[in-house]
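Note sheet for the following structure.
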Amino acid sequence: MLWRAIEITSNETVCYPEQMRVAASWLERSGVNPLSVRIAGDHLPREFLRVFTRHAARWEHLTLYFRWPWQSALVEDLPLLRSLCLAFHHCWYKVFKITKAPLLRAVCLWEGGSYTINPMIMWAQITSLTMNGVAEMGCIELLSAAPNLVYCKLVVPKYSPNSEDLRDVVLSHLTELDLSSKQQAFLNCFVTPALRRLRFGAKHPTGVELLTSFKAKSGCALPDIHIINPLQAADAYRDEFPSVKMTFGDAETHELESKYSAPRPRLLSFA
Numbered sequence: 001m002l003w004r005a006i007e008i009t010s011n012e013t014v015c016y017p018e019q020m021r022v023a024a025s026w027l028e029r030s031g032v033n034p035l036s037v038r039i040a041g042d043h044l045p046r047e048f049l050r051v052f053t054r055h056a057a058r059w060e061h062l063t064l065y066f067r068w069p070w071q072s073a074l075v076e077d078l079p080l081l082r083s084l085c086l087a088f089h090h091c092w093y094k095v096f097k098i099t100k101a102p103l104l105r106a107v108c109l110w111e112g113g114s115y116t117i118n119p120m121i122m123w124a125q126i127t128s129l130t131m132n133g134v135a136e137m138g139c140i141e142l143l144s145a146a147p148n149l150v151y152c153k154l155v156v157p158k159y160s161p162n163s164e165d166l167r168d169v170v171l172s173h174l175t176e177l178d179l180s181s182k183q184q185a186f187l188n189c190f191v192t193p194a195l196r197r198l199r200f201g202a203k204h205p206t207g208v209e210l211l212t213s214f215k216a217k218s219g220c221a222l223p224d225i226h227i228i229n230p231l232q233a234a235d236a237y238r239d240e241f242p243s244v245k246m247t248f249g250d251a252e253t254h255e256l257e258s259k260y261s262a263p264r265p266r267l268l269s270f271a
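Just so you know, we're using my numbering here: the sequence shown kicks off at 1 and counts up by one.
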């Protein structure tokens, strides 16, 4: 069976010339099949990475975990790319650029990056967006550039000092929102008339009032709401929303990838 998923992680004990030879062999043997590539580490030689960028036209799902931005230029034309997950910590947008990826629909941005609007991603075509660790102001900026989102998951651990100045963001096609933010009023920045499901962390003494305000402002039917760690009694929510399916639970670990991110076929690992 041909390999379709490849994972590369940095390891100072690895003999990279030998691994490069093996990687090149497997990539050639994979023929014309689309590839799922997962690259992580800060010690990968550029020559080793170039073995994989030569096959970038076949990348279907791409995950990059780096403490520093990838120093070598990324191939800008990715015709088969469907999902992209990035975990950079320092100004990745200055070096990361995709100019052509017509099939790209799902993007995941993970913790601590200097995320800002940049033409490296065609935001208007994205339908699924996951962000973890991006402050409220950064979230609003990126969401405003992605008006066609259907699914959105946000984990916002930091309180932004300018939260009161946040503007509204209209997401007319959004049907599912998963929001975890220490700034509970952040929910009221969203105008989502098509929303069908909300998963919301409600560690707030006025969670019921907040949801009432959000629902009225968006004008959405919102038949399904899941509340995480509510401070108010479950009956208070059910009394306020008698026609809504209300479920309650503890906080769960937020996974890195979006629900629509890369599948996990057989994995060839160079660790």
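Just so you know, even glycine gets a beta-carbon here, dropped at the ideal spot from N, CA and C.
Since this is a predicted model, take the numbers as computed values, not measurements.
Problem set entry | Chain-order list of residues whose beta-carbon lies under 7 Å from that of residue 195 (same chain, five-residue window excluded) | Looking up residue 195 in the sequence shown gives position 195. Closer than 7 Å at Cβ, skipping near neighbours: 174, 175, 177, 218, 220 and 222.
Problem set entry | 7 Å Cβ cutoff met for residue 107 and residue 144 | Residue numbering aside, residue 107 sits at position 107 when the sequence shown is read from its first letter. Residue numbering aside, residue 144 sits at position 144 when the sequence shown is read from its first letter. Taking 7 Å as the Cβ cut-off, residue 107 and residue 144 do not qualify as a contacting pair.
Exercise. Looking at the structure shown, is residue 182 part of a helix, part of a strand, or coil, going by DSSP?
Worked result: Within the sequence shown, numbered from 1, the residue matching residue 182 stands at position 182. Three-state result, residue 182: coil.
Exercise. How is the alpha helix (DSSP H) around residue 238 delimited, first residue to last?
Worked result: Along the sequence shown, read from residue 1 onward, the residue named residue 238 stands at position 238. Run containing residue 238: 234-240, per the alpha helix (DSSP H) assignment.
Exercise. Taking buried to mean at least 16 other C-beta atoms within 10 Å of its own C-beta, is residue 51 buried or exposed?
Worked result: Looking up residue 51 in the sequence shown gives position 51. Under a 10 Å Cβ-count criterion, residue 51 is classified as buried, with 16 or more other Cβ atoms of the shown protein chains found around its own Cβ.
Exercise. What does a CB cutoff of less than 7 Å around residue 59 pick up in its chain, not counting 5 residues either side in sequence?
Worked result: Residue mapping note: residue 59 aligns to position 59 of the sequence shown, counting from 1. Excluding its 5 nearest sequence neighbours in each direction, residue 59 has C-beta neighbours in its own chain below 7 Å: 35, 37, 78, 80 and 81, listed in chain order.
Problem set entry | Range of the contiguous beta strand (DSSP E) that encloses residue 100 | Sequence index remark: in the sequence shown, residue 100 carries index 100 (1-based). No beta strand (DSSP E) contains residue 100, which DSSP labels as neither H nor E.
Exercise. Should residue 208 go down as buried or exposed, given a rule of 16 or more other Cβ atoms within 10 Å for buried?
Worked result: Locating residue 208 in the sequence shown gives position 208, where the first residue counts as 1. So residue 208 ends up on the buried side.
Problem set entry | Cβ neighbours of residue 72 in the same chain (closer than 8 Å, five flanking residues each side left out) | Your numbering for residue 72 matches position 72 in the sequence shown. Unreliable positioning characterises residue 72 in this predicted model, as indicated by a pLDDT of 49, which lies under 50. The coordinate reading is nonetheless provided below. Once the five neighbours on either side are set aside, the close Cβ partners of residue 72 are 46, 49, 50 and 53.
Problem set entry | Nearest neighbour of residue 229, chosen from 23, 200, 149 and 134 [CA to CA] | On the sequence shown, residue 229 is found 229 positions in, with the first residue counted as 1. The shortest C-alpha separation from residue 229 is found at 200.
For this session: Could you check if residue 231 is buried or exposed, using at least 16 other CB atoms within 10 Å of its CB as the buried criterion?
Result: As a first step, residue 231 must be located in the sequence shown, where it is residue number 231. Flag for residue 231 reads exposed.
For this session: Figure out for me which residue from 185, 149 and 99 has the closest Cα to the Cα of residue 193.
Result: To locate residue 193, count along the sequence shown from 1; it is residue 193. Closest by alpha carbon: 149.
Problem set entry | Start and end residues, alpha helix (DSSP H) containing residue 216 | For the purposes of this step, residue 216 is identified with residue 216 of the sequence shown, where counting begins at 1. For residue 216, the enclosing alpha helix (DSSP H) has its first and last residue at 207-218.
Exercise. Roughly how many whole angstroms lie between the Cα atoms of residue 235 and residue 182?
Worked result: Indexing the sequence shown from 1 puts residue 235 at position 235. Indexing the sequence shown from 1 puts residue 182 at position 182. Near 23 Å, if we compare the C-alpha coordinates of residue 182 and residue 235.
For this session: Could you spell out where the beta strand (DSSP E) holding residue 108 opens and where it closes?
Result: Residue 108 sits at position 108 when you count from the first residue of the sequence shown. DSSP places residue 108 inside the beta strand (DSSP E), whose first and last residues are 106-110.
For this session: Would you mind sorting residue 153 into buried or exposed? The rule is 16 or more other CB atoms within 10 Å of its CB.
Result: On the sequence shown, residue 153 is found 153 positions in, with the first residue counted as 1. Buried, because 16 or more other Cβ atoms sit within 10 Å of the Cβ of residue 153.
Exercise. Quick one: what does DSSP say residue 35 is sitting in, helix, strand or coil?
Worked result: Indexing the sequence shown from 1 puts residue 35 at position 35. DSSP, reduced to helix, strand and coil, places residue 35 within a strand of the structure shown.
Exercise. Terminal residues of the continuous beta strand (DSSP E) containing residue 126?
Worked result: Sequence index remark: in the sequence shown, residue 126 carries index 126 (1-based). Per DSSP, residue 126 belongs to no beta strand (DSSP E) and is neither H nor E.
For this session: Assign residue 103 to one of two classes, buried (16 or more other C-beta atoms within 10 Å of its C-beta) or exposed (fewer than that).
Result: Here residue 103 refers to the residue found at position 103 of the sequence shown. Result: exposed.
Exercise. Secondary structure at residue 78, three-state DSSP: helix, strand or coil?
Worked result: Your numbering for residue 78 matches position 78 in the sequence shown. DSSP places residue 78 in coil when its eight states are reduced to three.
Exercise. Roughly how many whole angstroms lie between the Cα atoms of residue 243 and residue 250?
Worked result: The sequence position of residue 243 within the sequence shown is 243, counting from 1. The sequence position of residue 250 within the sequence shown is 250, counting from 1. Rounded to the nearest angstrom, the two C-alpha atoms are 23 Å apart.
Exercise. What is the rounded straight-line gap between the Cα of residue 278 and the Cα of residue 29?
Worked result: Residue 278 lies beyond the stretch modelled for the chain, which goes from 1 to 271, so this question has no answer here.
For this session: Inspect the beta-carbon positions of residue 110 and residue 135 and report whether they are closer than 7 Å.
Result: Start at 1 with the first residue of the sequence shown, and residue 110 comes out as number 110. Start at 1 with the first residue of the sequence shown, and residue 135 comes out as number 135. No, they are not a contact pair.
Exercise. Skipping 5 residues on each side, what residues in its chain have a beta carbon closer than 6 Å to that of residue 197?
Worked result: Residue numbering aside, residue 197 sits at position 197 when the sequence shown is read from its first letter. In its chain, beyond the 5 residues on either side, 176 and 224 have a beta carbon closer than 6 Å to the beta carbon of residue 197.
Problem set entry | Closest Cα partner of residue 273 within the set 76, 125, 56 and 142 | The structure shown does not extend to residue 273, since the chain is modelled only from 1 through 271, so no value can be given for it.
Problem set entry | Contact with chain C by residue 247, beta-carbon distance below 7 Å | The structure shown contains no chain C; it holds only a single protein chain.
Exercise. Can you tell me the Cα-Cα spacing of residue 21 and residue 27, whole angstroms?
Worked result: Residue numbering aside, residue 21 sits at position 21 when the sequence shown is read from its first letter. Residue numbering aside, residue 27 sits at position 27 when the sequence shown is read from its first letter. One C-alpha to the other measures close to 10 Å.
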